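To keep things clear, I will list the structure first and then write my remarks on it.
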Amino acid sequence: ISTAMIITSALIEGVTLFAVIICLLAVL
Numbered sequence: 918i919s920t921a922m923i924i925t926s927a928l929i930e931g932v933t934l935f936a937v938i939i940c941l942l943a944v945l
């Protein structure tokens, strides 16, 4: 596994988590 793939997957996870938090805040 290359470093670029690790960084990309980490960014995708971060963006997904951020989106989930925004949705939760919007619901509340």
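Every position in the sequence shown, counted from 1, becomes a number in the numbering used here once 917 is added.
Using N, Cα and C, we set each Cβ at its ideal position, and we do this for glycine too.
Note that the structure is a prediction, hence the values are computed from the model and not measured.
Next item on the list: Would you kindly work out how many angstroms separate the C-alpha atoms of residue 942 and residue 930, rounded to a whole number?
Entry: Counting from 1 along the sequence shown, the entry for residue 942 is found at position 25. Counting from 1 along the sequence shown, the entry for residue 930 is found at position 13. Distance between the alpha carbons of residue 942 and residue 930 is about 18 angstroms.
Check: Just reading off the alpha helix (DSSP H) that residue 945 is part of, what are its end residues?
Finding: Here the question's residue 945 lines up with position 28 in the sequence shown. Unbroken run through residue 945: none, as it is neither H nor E.
Note to self: Please report the distance separating the alpha-carbon of residue 926 from that of residue 934.
What the structure shows: Taking the sequence shown and counting its residues from 1, one reaches residue 926 at position 9. Taking the sequence shown and counting its residues from 1, one reaches residue 934 at position 17. As the crow flies, the alpha-carbon of residue 926 is around 12 angstroms from that of residue 934.
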